[in-house]
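The structure under discussion appears below in the form of structure tokens.
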Amino acid sequence: MNKAIRLGKLVHPEDGTVIDNAIVVIHEDRISYVGTDEKQIPCGASVIDWTA
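Residue numbering for the sequence shown is 4 to 55, as defined by my numbering.
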């Protein structure tokens, strides 16, 4: 089952860079995508909105 999490901001722990309006896609138990392209959210994925 695919899941996608929408985040207002995501901080990269190694260099401190910030991704605004980030999307994290999880396939089974692995992260398969981190970025801002909503087209990467698989059709039928459960979407969790943590933007607030």
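Glycine included, each C-beta is placed from N, C-alpha and C at the ideal position.
Alpha-carbon to alpha-carbon, Ser49 and Met4
For the purposes of this step, residue 4 is identified with residue 1 of the sequence shown, where counting begins at 1. For the purposes of this step, residue 49 is identified with residue 46 of the sequence shown, where counting begins at 1. Spanning the two alpha carbons is a distance of roughly 8 Å.
Any idea if Ile34 is buried or exposed, counting beta-carbon neighbours within 10 angstroms, 16 or more meaning buried?
On the sequence shown, position 31 is the one that residue 34 refers to. Classification of Ile34: exposed, given that the 10 Å Cβ count is below 16.
Out of Glu17, Asp18, Val14 and Ile22, which has the shortest C-alpha to C-alpha gap to Thr39?
Your numbering for residue 39 matches position 36 in the sequence shown. It is Ile22 whose Cα lies nearest to the Cα of Thr39.
Rounded separation between Val27 and His15 - CA only
On the sequence shown, residue 27 is found 24 positions in, with the first residue counted as 1. On the sequence shown, residue 15 is found 12 positions in, with the first residue counted as 1. Those two C-alpha atoms are separated by around 13 Å.
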